[in-house]
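Residue numbers (full-length UniProt numbering): 1 to 290.
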């Protein structure tokens with residue numbers, strides 16, 4: 001029988017996957033005008049609770065008209081950080097730096113006894129406004145999320161260059177396809193999600209690796225590889241595929257003809273007569289919608 005490892009009280013290092021030592025596929029969140037904030041911030045809330053993990057949101061670019069609504073929604077939805085993340089040396093150093101910079105923050109607040117003054121709650125996540133990650137560590141995860149405000153999509157490349165992080169993807173949210181697509185093309189990133197986040201690129205990965213433009217509908221999403229400014233990138237967004245049979249024109253039966261049988265609903269049995277006059281039952285099969 002294999003030997004058992006000796007018992008020890010020592011806990012494994014947190015987080016244990018090296019995501020606190022170097023950036024591992026950080027992502028960018030972009031909020032355009034009239035975006036669905038509630039849906040857009042879901043991956044951000046997870047990143048605020050446990051910032052030391054791969055593929056977490058590291059920065060947010062918010063349109064100036066959405067800034068107040070975004071900050072209010074995030075503040076009301078965020079939760080205290082993971083216990084071990086809140087005691088991590090990177091987080092403690094970031095708290096000291098934020099206090100030194102007197103930076104504007106989005107965080108959990110605790111009032112004093114008479115609710116006259118508020119201070120940051122213990123183990124509160126931090127979104128630091130208008131400062132980039134280089135102030136808090138830069139080359140390694142800092143446990144904070146940075147926020148920048150923009151007015152026009154043409155400002156996004158400058159903000160992206162300011163952060164200087166190895167972003168693996170961006171998620172852009174907004175109701176107007178023209179607006180979000182313009183923002184996607186301004187970002188010099190290989191993978192851009194529109195009104196979604198973290199969708200598997202399996203349906204299009206082969207074409208992206210071969211740098212071959214391609215379009216495919218799969219898993220209720222639109223996947224495409226495009227060539228823009230001599231670079232190939234993948235863009236993914238939700239696409240509802242609706243299939244309905246075209247209505248048939250009514251046919252007037254001729255004299256002596258048998259009454260026409262109406263087409264049944266999908267999946268219901270159809271009674272038909274075989275050559276001996278006995279009814280034969282068949283079924284309609286569902287059509288694939290992918």
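Backbone N, C-alpha and C fix where the C-beta goes; we use that ideal spot for every residue, glycine too.
Apart from the 5 residues on each side of it in sequence, residue 53 sits with its Cβ closer than 6 Å to the Cβ of 19 in its chain, given in chain order. The distance from the Cβ of residue 131 to that of residue 103 is about 5 Å, consistent with a contact at the 8 Å cut-off. Boundaries of the alpha helix (DSSP H) around residue 83: 83 to 86. Residue state for residue 200 is assigned as coil, using DSSP reduced to three classes.
Shown here for residue 159: same chain residues with a beta carbon closer than 6 Å to its own, the five before and five after excluded, namely 61, 148 in chain order. Looking from the CA of residue 48, the closest CA among 14, 228, 183, 124 belongs to 124. A distance below 7 Å between beta-carbons, with the five flanking residues on each side excluded, links residue 68 to no residue of its chain. For residue 89, there are no CB contacts under 8 Å within the same chain when 5 residues up- and downstream are skipped.
DSSP places residue 76 within a helical segment (H, G or I) once states are collapsed to three.
Looking at 230, 228, 223, 232, the one whose alpha-carbon comes closest to that of residue 238 is 223. Going by beta carbons, residue 28 and residue 44 fall outside the 8 Å limit. Of 191, 166, 137, the smallest CA-CA separation from residue 233 is found for 191. In this structure, residue 194 and residue 235 form a Cβ contact; the two beta carbons are roughly 7 Å apart against a cut-off of 8 Å. Spanning the alpha carbons of residue 110 and residue 138 requires a straight line of approximately 29 Å. Residue 209 is classed as exposed because its beta carbon has fewer than 16 other beta carbons within 10 Å across all chains shown.
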